[in-house]
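In UniProt numbering, the protein residues as written are 1 to 318.
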């Protein structure tokens with residue numbers, strides 16, 4: 001396979017734009033579809049395109065049962081739960097605020113690493129960043145302002161969805177770090193597991209909601225009178241799956257191979273910035289002073305958590 005001539009920096013920027021716009025796509029998709037339909041459609045579409053790319057590139061899926069078992073667990077926290085959680089949360093909060101919830105991922109990852117990675121140690125700098133990060137989350141939630149605060153349940157859901165990523169990637173480090181899954185094998189297998197999980201979830205939801213949704217693919221009541229046209233909502237969901245999840249996985253792995261895992265994780269800082277800008281300038285959403293201040297605190301803490309500690313010079317006292 002020939003090496004791509006596109007520089008990794010361009011792929012990095014594209015990844016931030018794609019993932020940052022996912023929150024806008026989810027918000028628009030809600031004009032025509034139920035959150036379960038959006039989450040399942042996203043996972044099914046992404047699994048389809050990665051399966052095709054897997055075939056085109058000549059890669060193979062893993063064969064060990066142990067690996068598939070760990071991938072099934074990972075898929076719960078990297079696909080099914082966060083994809084569903086973010087879109088459910090967006091029924092109650094803005095897409096900009098949902099993107100801010102995603103910024104809590106590095107903070108959650110530190111806590112889960114302590115539980116799952118025996119060699120992980122919590123330095124004083126990281127502990128301080130985690131504690132201050134929680135303060136930032138509280139500032140965003142604005143519990144002292146009953147009249148103008150974000151919906152508490154909606155914000156809690158998007159924060160937990162962001163935390164799922166922290167748990168899922170930490171679980172991957174613990175149990176799949178040494179598995180030989182070259183190429184697109186791991187992301188394709190992950191999304192196939194996610195698809196298998198979403199089939200019973202979608203069927204159970206449909207059995208409960210059959211009065212409003214005669215078929216699993218039926219449009220939501222009032223879709224044709226919503227603020228966004230049906231065709232645009234469906235297009236956004238398709239883009240969310242094929243581009244926002246499927247193609248994004250390809251770009252992510254390319255960046256990791258070219259620049260390393262540490263550099264690739266810094267995209268976490270840009271995703272909420274993109275989601276906030278799109279929410280405010282495209283959808284006309286509004287963030288209060290507390291949300292902007294809390295967002296800045298959380299973002300700074302996420303940067304502090306992921307930044308490498310300074311190395312001491314030879315002979316420097318500890």
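Ideal placement from N, C-alpha and C gives every residue a C-beta, glycine not left out. Keep in mind it's a predicted model, so treat the numbers as computed, not measured.
Residue nearest to residue 163 within the set 22, 302 and 5 is 302 (criterion: CA-CA distance). The continuous alpha helix (DSSP H) containing residue 126 extends over residues 124-141. Between the alpha carbons of residue 67 and residue 149 lies a distance of about 44 Å.
Take residue 31, set aside five residues on each side of it, and the residues of its chain with a beta-carbon closer than 7 Å to its own are 223, 226, 227, 228 and 233, in chain order. Counting of Cβ neighbours within 10 angstroms places residue 98 among the buried residues, the total reaching 16 or more. If you draw a straight line from the Cα of residue 82 to the Cα of residue 259, it is about 26 Å long.
Restricting attention to 137, 165 and 172, the CA atom closest to the CA of residue 156 is found in 137.
Taking C-alpha positions only, residue 134 is separated from residue 128 by approximately 10 Å. Of all alpha-carbon atoms in 86, 304 and 114, the one lying nearest the alpha-carbon of residue 275 is that of 86. The beta carbon of residue 248 lies closer than 7 Å to those of 15, 18 and 19 in the same chain, with the five residues before and after it left out. Residues 87 and 88 of the same chain have their beta carbon placed closer than 6 Å to that of residue 35, with the five preceding and five following residues left out of the count.
Given a length threshold of 4 residues, each whole run of the alpha helix (DSSP H) inside the UniProt domain "EamA" (153-306) is given here in chain order: 185-208, 230-241, 248-259, 261-265, 267-281 and 289-306. Below 8 Å, enough C-beta pairs join the region 187-207 and the region 68-75 to call them touching: three or more. Taking C-beta separations shorter than 6 Å and ignoring five residues to either side along the sequence, the partners of residue 270 in its chain run 16, following chain order. Scanning its chain for C-beta atoms nearer than 6 Å, with the 5 sequence neighbours on each side dropped, one finds around residue 170 the residues 109, 112, 113 and 116, in chain order. Along the UniProt domain "EamA" (12-140), the alpha helix (DSSP H) occurs as fully enclosed runs of 4 or more residues at 35-57, 65-75, 81-89, 95-102 and 105-116, listed in sequence order. Looking at the backbone, the Cα of residue 204 and that of residue 9 are separated by about 43 Å.
The beta carbon of residue 53 lies closer than 7 Å to those of 184 and 250 in the same chain, with the five residues before and after it left out. Shown here, residue 144 sits in coil according to DSSP, grouped into three states, outside any helix or strand. Across the structure, residue 124 and residue 304 are spaced so that their CA atoms are roughly 11 Å apart. Excluding the 5 residues flanking it on each side, residue 103 has same chain C-beta neighbours closer than 8 Å at 162, 268, 269, 271, 272, 295, 298, 299 and 302, in chain order. Cβ neighbours of residue 107 within its own chain (closer than 7 Å, five residues either side excluded): 130, 133, 301, 302 and 305.
Spatial neighbours of residue 172 in its own chain (CB-CB distance under 7 Å, excluding positions within 5 residues in sequence) are listed in chain order as 74.
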